[in-house]
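Residue numbers (the working numbering): 59 to 522.
Inspection log for the structure reproduced underneath, given as structure tokens.
Given below as structure tokens:
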């Protein structure tokens with residue numbers, strides 16, 4: 059098998075010339091210091107069903123990495139009801155009702171960045187298994203509490219309930235930060251298709267809350283019951299993810315890669331039986347963080363830019379998109395939910411799924427970087443669409459709803475495709491023994507892009 063050295067912006071990059079899992083496993087072995095007898099050994103299970111089972115597990119891991127936070131931000135009507143004005147005639151918004159989303163965002167973003175950094179710094183000291191299972195159990199407990207509160211009358215103690223919600227958002231995002239970084243690190247150990255599985259799962263994690271919100275609202279007109287059904291789905295989803303993760307070591311194909319990775323990082327390892335849990339993947343030596351960053355700096359910075367541009371416009375600016383023909387009441391009512399949220403999330407998921415094509419290749423990073431930079435054009439494109447941000451109308455150059463929809467199709471598709479491609483390639487720019495650290499580092503830059511995008515969104519709305 060050919061494993062060329064490709065120079066990209068001065069970086070020496072190793073990557074797999076052929077994308078098949080069989081050849082990736084050979085590449086994994088050839089970069090190890092194992093005995094020749096072990097090198098000649100093949101994965102225990104190369105059957106298509108084994109590949110698909112591992113892919114499905116990583117897809118579920120991806121769904122659960124973004125679902126908890128997405129469930130909170132999509133439940134706008136539920137929290138608006140919980141924080142409604144319960145004094146006087148109840149026709150005016152309360153202070154909490156008009157500000158809870160802003161507080162939720164701050165409570166989510168700050169701990170997310172802090173604990174992504176801590177996860178990166180301590181990932182060589184704490185086992186990978188612990189860094190995935192403990193956050194999942196934490197999120198499960200928090201959503202059980204949130205689901206119970208949906209059936210509790212909190213009208214008499216809204217301030218206390220608000221404090222509980224803020225605390226829950228903080229803790230959920232602490233768990234999600236550690237979990238997401240660790241899952242990306244896990245995917246970095248295995249062949250590239252499993253990083254794509256996580257990214258596709260994250261795309262589905264953006265679509266599901268909207269669907270569940272519609273179903274729970276249709277099932278009952280009572281906001282408390284609707285919220286109970288809505289959050290109960292999160293509990294079920296997290297439980298399924300925990301069970302799926304526990305099934306991973308029973309798959310011989312997955313345990314093969316985990317074992318070889320453990321041997322490459324010079325940890326005492328042994329061959330696993332299919333019924334055993336996989337050995338805790340942890341290193342006792344501090345990884346060379348500076349060297350790893352230097353090797354992945356191009357995909358890392360580009361993935362930051364991809365999500366900074368995306369969060370700079372979605373949902374902050376795009377949510378203010380309005381139909382040109384306001385006389386059509388139905389179209390005007392559903393324009394934002396459909397043309398903004400549904401279109402973006404659907405195309406984002408499509409882009410993440412198509413990233414399995416893996417083109418351009420890792421040795422074409424200048425082309426990928428150019429495509430990422432071209433996404434900056436979406437700022438002026440959407441700025442001249444019909445936006446109802448304030449009482450003062452914006453300048454409309456694209457005076458047909460089709461423009462907004464087409465722009466959003468390209469916007470969502472490029473976000474999903476380029477973001478996934480960069481996350482897939484990043485861990486493959488380093489030696490195999492550093493692939494987990496590279497995956498965690500890429501997750502940190504993704505989170506940083508979201509944080510930067512949130513700031514850009516506020517500034518762009520003021521400019522527009």
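Cβ coordinates follow ideal geometry from the N, Cα and C atoms, glycine included.
This structure is a prediction, so every number in the text was calculated from the model and none was measured.
- Taking the Cβ atoms as the reference, residue 376 lies roughly 5 Å from residue 398, within the contact range of under 8 Å.
- Take the alpha-carbon of residue 351 and the one of residue 496: they are about 8 Å apart.
- Boundaries cannot be given for residue 214, as no alpha helix (DSSP H) includes it and DSSP labels it neither H nor E.
- Residue 488 and residue 456 have their C-alpha atoms spaced approximately 45 Å apart.
- Rounded to whole angstroms, the Cβ separation of residue 446 and residue 343 is 56 Å, and the two are not in contact under 8 Å.
- By DSSP's assignment, residue 120 forms no beta bridge with any residue.
- With respect to the 9 Å criterion, residue 248 and residue 312 are classified as neighbours on the basis of their beta carbons.
- In the DSSP secondary-structure assignment, residue 379 is bridged to 445.
- Out of 137, 307 and 172, the CA that lies nearest to the CA of residue 112 is found in 307.
- Out of 463, 452 and 190, the CA that lies nearest to the CA of residue 300 is found in 190.
- Per DSSP, the continuous alpha helix (DSSP H) segment holding residue 408 begins and ends at 401 to 412.
- Taking 9 Å as the cut-off, the Cβ atoms of residue 477 and residue 258 do not count as close.
- Fewer than three Cβ pairs drawn from the segment 198 to 211 and the segment 239 to 255 lie within less than 8 Å of each other, which leaves the two stretches out of contact.
- Residue environment for residue 366: buried (at least 16 other C-beta atoms within 10 angstroms of its C-beta).
- The beta carbons of residue 208 and residue 288 sit closer together than 9 Å.
- Per the coordinates, the alpha-carbon of residue 481 lies some 13 Å from the alpha-carbon of residue 363.
- Contact between the segment 414 to 433 and the segment 351 to 360 is present: three or more C-beta pairs spanning the two stretches fall below 8 Å.
- Residue ranges of uninterrupted alpha helix (DSSP H) with 4 or more members, entirely inside the segment 221 to 305 and ordered along the chain, are 251 to 277 and 281 to 305.
- The beta carbon of residue 278 is closer than 8 Å to those of 284 and 287 in its chain, skipping five residues each way along the sequence.
- Boundaries cannot be given for residue 185, as no alpha helix (DSSP H) includes it and DSSP labels it neither H nor E.
- Residue environment analysis places residue 140 among the buried positions, since at least 16 neighbouring C-beta atoms fall within 10 angstroms of its C-beta.
- Annotation: the continuous alpha helix (DSSP H) that includes residue 313 extends over 310 to 322.
- A contact between stretches requires three or more CB pairs, one per stretch, nearer than 8 Å, and the segment 491 to 507 fails this requirement with the segment 261 to 280.
- Under the 10 Å beta carbon count, residue 203 is surrounded by fewer than 16 other beta carbons and is classified as exposed.
- The three-state reading of DSSP puts residue 433 in helix, counting H, G and I together.
- Taking the Cα positions, residue 158 is about 8 Å away from residue 137.
- In the DSSP assignment, residue 493 falls within the alpha helix (DSSP H) that extends over 493 to 521.
- Contact between residue 224 and residue 404 is absent: CB atoms are separated by about 31 Å, not below the 8 Å threshold.
- Of all alpha-carbon atoms in 475, 155, 507 and 509, the one lying nearest the alpha-carbon of residue 253 is that of 475.
- The segment 460 to 469 and the segment 231 to 240 do not touch, with fewer than 3 CB-CB distances between them shorter than 8 Å.
- Approximately 7 Å separates the beta-carbon atoms of residue 371 and residue 437; this is inside 8 Å, confirming the contact.
- The beta carbons of residue 413 and residue 393 sit no closer together than 9 Å.
- In summary, residue 127 is buried, with 16 or more beta-carbon neighbours lying within 10 Å of its beta-carbon over all protein chains present.
- Between residue 233 and residue 267, the gap from beta carbon to beta carbon reaches 9 Å or more.
- Around the beta carbon of residue 349, fewer than 16 other beta carbons lie within 10 angstroms, which makes this residue exposed.
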